[in-house]
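Enquirer:
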Amino acid sequence: MIFAIAAVTSAMSTAVQAFQSHLSTVSDLCQRANPNPRDLQGHFLTVQQLFQQQILPLGTDDAPNGPNLQPVLTEMSRTLRLIAMDVAFLQTARQPHTRHQRQHQMLTKLTQLEAFTTNLQQTLSQGQG
């Protein structure tokens, strides 16, 4: 039984690492001087899908450490929705100042999301011990 829980926790950790990797790619794209909005949207959609399919299920009551993860997952979900709005607005921005402002807002939220992801990883590690 302990080995089964460790295997599940390891799979969860791998899912979070994949999410972090894709999130880092979006952050790198957003830091460019003139990011391609379509590339940014495509990579962000991948991040959203990973979150929905692999990360969000970690918070279910029957998942190991699930109830402890729920507050972090709620904040991550909220932040992802806000970033999605920024991605959409960035695509329609025509003025360089507006584009720069949206990029800055996105980077701030991406940094928050990275912090939540680190917190999630730490919570998973504590559940393993």
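The opening position of the sequence shown corresponds to residue 3 in this note's numbering, with each subsequent residue numbered one higher. Cβ atoms here follow ideal geometry from the backbone N, Cα and C, with glycine treated the same way. Note that the structure is a prediction, hence the values are computed from the model and not measured.
1. Our contact map puts Q116 next to L25 with C-beta atoms below 8 Å; I'd like the distance itself, whole angstroms only.
2. Give the secondary structure of R34 by DSSP, where H, G and I count as helix, E and B as strand, and everything else as coil.
3. I'd like the span of the alpha helix (DSSP H) that includes P59, first residue to last.
4. Mapping DSSP to helix, strand and coil, what is N121?
5. Evaluate the contact criterion for the region 94-101 versus the region 40-50: three or more CB pairs, one atom per stretch, below 8 Å.
6. Is T16 helix, strand or coil by DSSP?
7. Quick check: what's the CA-CA separation for F118 versus Q54?
8. Quick check on the burial criterion: 16 or more other C-beta atoms within 10 angstroms. Buried or exposed for G61?
9. Using a Cβ-Cβ cutoff of less than 6 Å, which residues in the same chain neighbour F91 once the five nearest sequence positions on both sides are dropped?
Expert: Here's the rundown:
1. Residue 116 sits at position 114 when you count from the first residue of the sequence shown. Residue 25 sits at position 23 when you count from the first residue of the sequence shown. Looking at the sequence provided, one finds Glu at residue 116 rather than Gln. Going by Cβ atoms, the distance from E116 to L25 rounds to 6 Å, so yes, they are a contact pair.
2. On the sequence shown, position 32 is the one that residue 34 refers to. Correct three-state label for R34: coil.
3. One-based indexing of the sequence shown puts residue 59 at position 57. Counting along the chain, P59 sits inside no alpha helix (DSSP H), nor does DSSP assign it H or E at all.
4. Numbered from 1 along the sequence shown, position 119 holds the residue referred to as residue 121. The answer is helix: DSSP assigns N121 an H, G or I state.
5. Segments in contact, no.
6. Within the sequence shown, numbered from 1, the residue matching residue 16 stands at position 14. T16: helix per DSSP, three-state reduction.
7. Reading the sequence shown from its first residue, position 116 is the one you call residue 118. Reading the sequence shown from its first residue, position 52 is the one you call residue 54. When rounded, the separation of the alpha-carbon atoms in F118 and Q54 is 15 Å.
8. Within the sequence shown, the letter at position 59 stands for residue 61. Under this definition G61 is a buried residue.
9. Residue 91 sits at position 89 when you count from the first residue of the sequence shown. Closer than 6 Å at the Cβ level, and outside the excluded window around F91, lie R104.
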